[in-house]
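Quick note on the UniProt record's numbering: the sequence shown kicks off at 1 and runs consecutively.
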Amino acid sequence: MALTAPSRTSPVRARRDADGMAVASFVLGLIGLLLFNAVFGPCAIVLGTLALARETRRRGRALLGLALGVADVVVLIVLLTLNQSVFWQFGS
């Protein structure tokens, strides 16, 4: 007979935490398009993936946060390739 440790978090709290991760992923991905995409992009990807793994009720928001996080990383790569800098520059 195998003994397992009791769970410290209830299923309701775990679901609420996953929903919070989905929203945080979306917000960080959105902000990351304009500011600190090297930091916020990977954070959005990780939080979106964790929210999906924990079966959030806000699946669409987690997927959007994941997509925005990937877009942040792509913007970072494009900026590094074109400008040799991570800063936006408009004009000449």
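Every residue gets a Cβ at the ideal spot worked out from N, C-alpha and C, and that includes glycine. Owing to the predicted nature of the structure, the values given are computational and were not obtained by experimental measurement.
C-beta atoms of residue i and residue j nearer than 8 angstroms
i          : j          : result
residue 72 : residue 32 : yes
residue 38 : residue 76 : yes
N- and C-terminal bounds of the alpha helix (DSSP H) containing residue i
i          : result
residue 93 : As shown, the chain starts at 1 and ends at 92. That puts residue 93 outside it, with no answer to give.
residue 56 : Taken as a continuous stretch (DSSP letters only), residue 56 belongs to no alpha helix (DSSP H), as it is neither H nor E.
Residue i to residue j span [Cα, whole Å]
i          : j          : result
residue 52 : residue 16 : 13 angstroms
residue 48 : residue 82 : 28 angstroms
residue 62 : residue 30 : 12 angstroms
residue 85 : residue 43 : 21 angstroms
residue 59 : residue 28 : 16 angstroms
residue 24 : residue 78 : 25 angstroms
Contacting residues, own chain, Cβ-Cβ under 6 angstroms from residue i (five flanking each side not counted)
i          : result
residue 80 : none
residue 64 : 26
residue 41 : 32, 69, 72 and 73
residue 50 : 21
residue 36 : none
Residue i in three-state terms, based on DSSP
i          : result
residue 47 : helix
residue 33 : coil
Same chain, Cβ closer than 7 angstroms to residue i, five either side skipped, listed in chain order
i          : result
residue 46 : none
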